[in-house]
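Asks: Sending over a structure as structure tokens; questions will come in a sec.
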Amino acid sequence: MALVLAGVRLPDSFAVGVVSSGVRWARDSAIFALELPGRINALLDEAAVLVARIDAVVDAAQRLIDRTEGVIDRVDVVVNGAAATTRAADDVVGSASKTSATALELVELFDPIAQKSAPFAQKFVDHLSEDEVDAAIEMVDQLPGLVKHMEAVIPILATLDTVSPEIHELLAVTKDVRRAVIGIPGFKFFRNRGEEKLADEEEDK
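Written out as structure tokens, the structure is:
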């Protein structure tokens, strides 16, 4: 059967080609139409997988943000602690500076005195013999007993201050001696030591 197109009779071979092409196109269209839902489903599945991956990335990003905020909080705590430590160190430095200044003032005050006294002290030590040291220790050991005797005698002498000027002068000298003895550095220590020694001697008797 010849194919007539726009009043023109086409050759049979050409007509067969046109028909075959149309059939193939119809077949391909039908196959595409049949495969289209499957392809759409595959695309939807791939889209779902992509969305799941995006959600996972978002969750990981959120966890990272949370960790970052925690690190920032800890850094703030460390910074605050360092600031407090710095303030405390500044206070210590300030206090040490004041103490150092006070010590320096004392050194400047007593240094001239020490330098002037050093030759006299050295001379005293150089001329002090062992016998003199022993005698001084023995005298100090006897001071507590001497003070007790003075304390017992002074009230009696006070009643005699009207007898004669000589006795009155003796009373004044005795009081001066007592004050001088009490004013010896370390007297209380040696007095206690002498009292203990006297007590031991009385127990031995």
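Heads up: the sequence shown runs through residues 0 to 204, numbered per numbering that gives the first Met the number 0. The beta-carbon is built from N, C-alpha and C at its ideal position, and this holds for glycine as well.
Check this for me: beta carbons of Arg-177 and Met-138, under 7 angstroms apart or not?
Replies: Result no, Cβ atoms of Arg-177 and Met-138 do not sit closer than 7 angstroms.
Asks: Less than 7 angstroms between C-beta atoms, sequence neighbours within five positions excluded: which residues of the same chain meet that for Glu-131?
Replies: If we look at Glu-131 and ignore the five residues flanking it on each side, it has no Cβ neighbours.
Asks: Go through its chain and collect everything with a Cβ distance to Arg-192's Cβ below 7 angstroms, but skip five positions before and after it.
Replies: The answer, listed in chain order, is Asp-140.
Asks: What three-state label does DSSP hand Leu-42 in the structure shown?
Replies: Correct three-state label for Leu-42: helix.
Asks: Nearest-angstrom Cα distance between Arg-190 and Ala-117?
Replies: Going from the Cα of Arg-190 to the Cα of Ala-117 covers about 29 angstroms.
Asks: Determine the direct distance from the alpha carbon of Leu-42 to that of Val-48, and round the result to whole angstroms.
Replies: Roughly 10 angstroms between the two C-alpha positions.
Asks: Ignore the nearest five residues each way along the sequence and tell me which others in Val-124's own chain have a CB closer than 7 angstroms to its CB.
Replies: Closer than 7 angstroms at Cβ, skipping near neighbours: no residue.
Asks: Helix, strand or coil for His-126 per DSSP?
Replies: Note: His-126 maps to coil in three-state DSSP.
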